[in-house]
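Peer 1: After the structure tokens below, expect a handful of questions from me.
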Amino acid sequence: MMRFLFASLSLALLLSPPTVMAQEVSADQCPALSAAVLEAPRRGRREPTPAELLALANEAARQRPETTSFTQARQIYTYAPGAIYELYTSPSFISAILLEPGETLGDVAAGDTSRWMVQETSAEAEIDGRTIVLVKPQTTGLRTNIVLVTDRRTYTIEAIAQAGSAYSAQIAWCYPAEEEARMASVDQLHFGYRVRTVRGGRPNWMPTRVFDDGRRTWIEMPEAVASSDLPPLFVITGEGAELVNYRVQGQRYMVDRIFDVAELRLGTRAPAIVRIEREGAPTQRRRARLGGRP
């Protein structure tokens, strides 16, 4: 599905991102959110006009790039309802807006539809299961807003067109408030997982706990394990092993799906393998024993 607000543009113009595991800024590493505070006028000063109040409120709500909020060329914003997120663009480049994995875009609109291209990509072009929105200005010196309405939230983006090669390659968000709320719902968590070694000795990265909330799965690793020593994750099905993306939150893997059988593998010739099995999925386990091993 594609939507066009200004002329069709081939997806080939979008620079292909590096093929890497989705290891992003975790909830406890989100950049600080700028507080939107409007001060009352001091005694003796006139009340601001509605236009002045709107300008002050918008300025206070703007979130700008910070030096500590990048993962390579990806700008990570902390999501908050009502915030305005700046996107710096250039006529010579395409900027990409990445939604949360699994988030579905409903509507997209821009203030200036004649001089800006705003295009949602097709499902085949998703990155890490994310919907992508491409943005490109026709010329420099432009400024407009873009509103994205999804099945989870609403984003307000202020796109700024400037000359030169400095531009926002990608912007995305982390969602600490929602993550904390999900983690707080302990009664809804499912801890019925079996973790065992199926090849090699017990590794130092043996998971200490696995649980899910019905939509996502968390795999907890020992505290002493460095992130560089963590193994990739494979979901096992009747068709074999599928390498899946995940995000690292401290010592946890967060996987945007539920699985019946998965394996952590580290090594090349004789990899150490740890299998994770969800209770109540005997059919999947039988299939995994038949065809899921490397």
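Under my numbering, think of the first position of the sequence shown as 4, with each following residue one higher. Virtual Cβ for every residue (Gly too), placed ideally from N, Cα, C.
To the nearest angstrom, how far is the alpha carbon of R278 from that of I163?
Peer 2: Locating residue 278 in the sequence shown gives position 275, counting from the first residue. Locating residue 163 in the sequence shown gives position 160, counting from the first residue. Between R278 and I163, the C-alpha separation is close to 48 Å.
Peer 1: Closest to V2 by C-alpha separation, out of P68, Q254, A99 and P104, would be which residue?
Peer 2: Past the edges of the chain, shown from 4 to 297, lies residue 2, and the structure says nothing about it.
Peer 1: Give me the Cα-Cα distance between T220 and P235, rounded to the nearest whole angstrom.
Peer 2: Here residue 220 is taken as the residue at index 217 of the sequence shown, counted from 1. Here residue 235 is taken as the residue at index 232 of the sequence shown, counted from 1. Distance between the alpha carbons of T220 and P235: 15 Å.
Peer 1: Residue range of the beta strand (DSSP E) that L56 falls in?
Peer 2: Reading the sequence shown from its first residue, position 53 is the one you call residue 56. Segment P53 to A64 is the alpha helix (DSSP H) holding L56; no beta strand (DSSP E) there.
Peer 1: Just the Cα atoms here: how many angstroms apart are Y91 and Q165?
Peer 2: Taking the sequence shown and counting its residues from 1, the one referred to as residue 91 is at position 88. Taking the sequence shown and counting its residues from 1, the one referred to as residue 165 is at position 162. Each residue's alpha carbon lies about 7 Å from the other.
Peer 1: How many Å lie between Y249 and D259 at the Cα?
Peer 2: Stepping through the sequence shown from its first residue, residue 249 is reached at position 246. Stepping through the sequence shown from its first residue, residue 259 is reached at position 256. Approximately 7 Å, taken between the alpha carbons.
Peer 1: Can you grab the Cα-Cα spacing for the pair A64 / G85, in whole Å?
Peer 2: The sequence position of residue 64 within the sequence shown is 61, counting from 1. The sequence position of residue 85 within the sequence shown is 82, counting from 1. Rounded to whole angstroms, A64 to G85 spans 7 Å at the Cα level.
Peer 1: Please classify E183: does DSSP put it in a helix, a strand, or coil?
Peer 2: Counting from 1 along the sequence shown, the entry for residue 183 is found at position 180. In this structure, E183 counts as helix in the three-state DSSP scheme.
Peer 1: Taking contact to mean at least 3 C-beta pairs separated by less than 8 Å, is the segment 133–145 in contact with the segment 61–81?
Peer 2: no
Peer 1: Starting from R117 and walking both ways along the beta strand (DSSP E), at which residues does that stretch end?
Peer 2: Numbered from its first residue, the sequence shown carries residue 117 at position 114. The sequence shown places Ser at residue 117, rather than the Arg named in the question. For S117, no beta strand (DSSP E) segment is defined, and its DSSP state is neither H nor E.
Peer 1: Helix, strand or coil for Q191, going by three-state DSSP, please let me know.
Peer 2: The sequence position of residue 191 within the sequence shown is 188, counting from 1. DSSP, read as helix, strand or coil, puts Q191 in helix.
Peer 1: So does the segment 188–208 actually touch the segment 99–116, counting three or more Cβ pairs closer than 8 Å?
Peer 2: no
Peer 1: Check this for me: beta carbons of L102 and T153, under 8 Å apart or not?
Peer 2: Residue mapping note: residue 102 aligns to position 99 of the sequence shown, counting from 1. Residue mapping note: residue 153 aligns to position 150 of the sequence shown, counting from 1. Yes.
Peer 1: Grab the span of the beta strand (DSSP E) containing Y91 for me, first residue to last.
Peer 2: Within the sequence shown, numbered from 1, the residue matching residue 91 stands at position 88. From DSSP, the beta strand (DSSP E) with Y91 extends over I87 to T92.
Peer 1: Helix, strand or coil for D259, going by three-state DSSP, please let me know.
Peer 2: Locating residue 259 in the sequence shown gives position 256, counting from the first residue. D259 falls in the coil class under three-state DSSP.
Peer 1: For E226, count the other beta carbons within 10 Å of its own beta carbon; 16 or more makes it buried, fewer makes it exposed. Which is it?
Peer 2: Residue mapping note: residue 226 aligns to position 223 of the sequence shown, counting from 1. E226 should be labelled exposed.
Peer 1: Helix, strand or coil, according to DSSP, for D215 in the structure here?
Peer 2: Counted from its first residue, the sequence shown places residue 215 at position 212. Residue state, collapsed to three classes: strand.
Peer 1: Which of helix, strand or coil does DSSP assign to D154?
Peer 2: To locate residue 154, count along the sequence shown from 1; it is residue 151. D154 falls in the coil class under three-state DSSP.
Peer 1: Considering only their Cβ atoms, is the gap separating S117 from Y170 smaller than 8 Å?
Peer 2: Taking the sequence shown and counting its residues from 1, the one referred to as residue 170 is at position 167. Taking the sequence shown and counting its residues from 1, the one referred to as residue 117 is at position 114. No, the Cβ-Cβ distance between Y170 and S117 is not below 8 Å.
Peer 1: To the nearest angstrom, how far is the alpha carbon of R212 from that of V121?
Peer 2: Residue numbering aside, residue 212 sits at position 209 when the sequence shown is read from its first letter. Residue numbering aside, residue 121 sits at position 118 when the sequence shown is read from its first letter. Straight-line Cα distance between these residues: approximately 43 Å.
Peer 1: Does any CB atom of chain D fall closer than 8 Å to the CB of E183?
Peer 2: The structure shown contains no chain D, having only a single protein chain.
Peer 1: Who are the near neighbours of N148 in its chain, counting only those whose CB is closer than 8 Å to its CB and skipping five residues on each side?
Peer 2: In the sequence shown, the residue the question calls residue 148 occupies position 145. If we look at N148 and ignore the five residues flanking it on each side, its Cβ neighbours are I87, A113, G114, T159, I160, E161 and A162.
Peer 1: With respect to the beta strand (DSSP E) encompassing P3, which residues constitute its N-terminal and C-terminal limits?
Peer 2: Summary: the structure shown does not reach residue 3, with the chain confined to residues 4 through 297, and so no result is reported for it.
Peer 1: Distance check for A60 and A172, CA to CA, integer angstroms please.
Peer 2: Here residue 172 is taken as the residue at index 169 of the sequence shown, counted from 1. Here residue 60 is taken as the residue at index 57 of the sequence shown, counted from 1. Looking at the two C-alpha atoms, the distance is approximately 27 Å.
Peer 1: Alpha carbon to alpha carbon, how far is M224 from L192? Give it in angstroms, no decimals.
Peer 2: Residue mapping note: residue 192 aligns to position 189 of the sequence shown, counting from 1. Residue mapping note: residue 224 aligns to position 221 of the sequence shown, counting from 1. Annotation: L192 to M224 spans about 18 Å, alpha carbon to alpha carbon.
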